[in-house]
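Asks: Before we start, here is the structure in question, set down as structure tokens.
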Amino acid sequence: MRIPFRDPTDRLRLLVGGMLSLVPFVNFIAWGYLYRVFVDGLNRSPSLTPPSWEAWRTYWSVGLRLFVITLGYLILIVFAGVAVLGISGGDIEGPQQILMVGLLSMAAFNVISPVIYARYAEERRIWAAFEPDVLFRDLRQVVRVEYVQLCLLYLGLWMMTFLILVGIPYVGPVFLSIFHFYLSLVFAFVFGHVVAGRREATDLAEGS
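Per our numbering, the sequence shown starts with residue 10, numbered consecutively.
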């Protein structure tokens with residue numbers, strides 16, 4: 010796979026994405042941009058070629074829909090985590106328990122989000138991403154040890170760079186946003202390829 014952002018134009022697109030990611034609501038444009046790269050991966054594009062920002066209105070619209078999907082799943086996952094802790098008799102009022110629920114929720118969503126976004130890409134309907142039977146089928150097709158390792162690698166790099174850069178005065182948040190955008194762009198493309206490859210392998214196995 011070609012290393013992205015060797016070209017000066019690509020580097021400028023990276024900077025734009027990082028800066029857009031800092032602004033609430035405007036950052037939906039960056040979400041839609043990342044989704045476009047994810048779809049390129051789903052379509053088995055041979056290399057990661059950052060698209061232009063000209064279709065920013067479309068990116069914003071798609072990013073808003075992805076935000077709705079993401080928010081819905083995070084709420085469901087958090088409620089499920091709180092319910093499990095409540096049933097097990099754990100204290101959910103302490104800061105450590107709240108932090109644990111938050112981190113586990115992020116990790117859980119990180120594992121299922123590529124499959125969810127792939128479902129949305131296929132149907133182009135928000136509610137299609139919440140169909141449990143189809144989601145479980147897709148998860149059975151895609152989730153393997155290598156896939157989980159890839160998810161944990163992304164989450165680990167995200168958290169490590171956050172802890173390193175967030176405390177740097179003034180420029181830290183800017184560098185963090187740019188690096189996280191770059192990281193998300195690369196992994197969006199890779200996840201798209203992985204999901205598409207697993208689906209193709211399953212279809213071939215079922216057809217043989």
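Using N, Cα and C, we set each Cβ at its ideal position, and we do this for glycine too.
Owing to the predicted nature of the structure, the values given are computational and were not obtained by experimental measurement.
For residue 201, which option in 160, 69, 211 and 127 has the closest C-alpha, if you only look at C-alpha atoms?
Replies: The residue given as residue 201 occupies position 192 in the sequence shown. It is 127.
Asks: Would you decide whether residue 147 is buried or exposed? Buried here means 16 or more other CB atoms lie within 10 Å of its CB.
Replies: Translated into the one-based positions of the sequence shown, residue 147 becomes position 138. Buried is the call here.
Asks: Pick out whichever of 131, 207 and 198 has its Cα sitting closest to the Cα of residue 56.
Replies: Looking up residue 56 in the sequence shown gives position 47. Proximity to residue 56 across 131, 207 and 198 peaks at 198, based on C-alpha coordinates.
Asks: Tell me which same chain residues have a C-beta within less than 6 angstroms of the C-beta of residue 138, skipping the five on either side of it?
Replies: Along the sequence shown, read from residue 1 onward, the residue named residue 138 stands at position 129. Same-chain partners within the cutoff: 78, 125, 128 and 129.
Asks: Tell me, to the nearest whole angstrom, how far the beta carbon of residue 27 is from that of residue 186; I am working on the premise that it is less than 8 angstroms.
Replies: On the sequence shown, position 18 is the one that residue 27 refers to. On the sequence shown, position 177 is the one that residue 186 refers to. Contact holds; Cβ gap of about 5 angstroms.
Asks: With H, G and I counted as helix, E and B as strand and the rest as coil, what does DSSP make of residue 132?
Replies: In the sequence shown, residue 132 corresponds to position 123, counting from 1. In this structure, residue 132 counts as helix in the three-state DSSP scheme.
Asks: How would you write the range of the alpha helix (DSSP H) that residue 140 sits in, first residue to last?
Replies: Residue numbering aside, residue 140 sits at position 131 when the sequence shown is read from its first letter. That residue, residue 140, is in no alpha helix (DSSP H); it is neither H nor E in DSSP.
Asks: In chain order, what residues of the same chain lie with their CB nearer than 8 angstroms to the CB of residue 166, ignoring the 5 residues before and after it?
Replies: For this step, residue 166 is matched to residue 157 along the sequence shown. Excluding sequence neighbours, residue 166 sits near 192.
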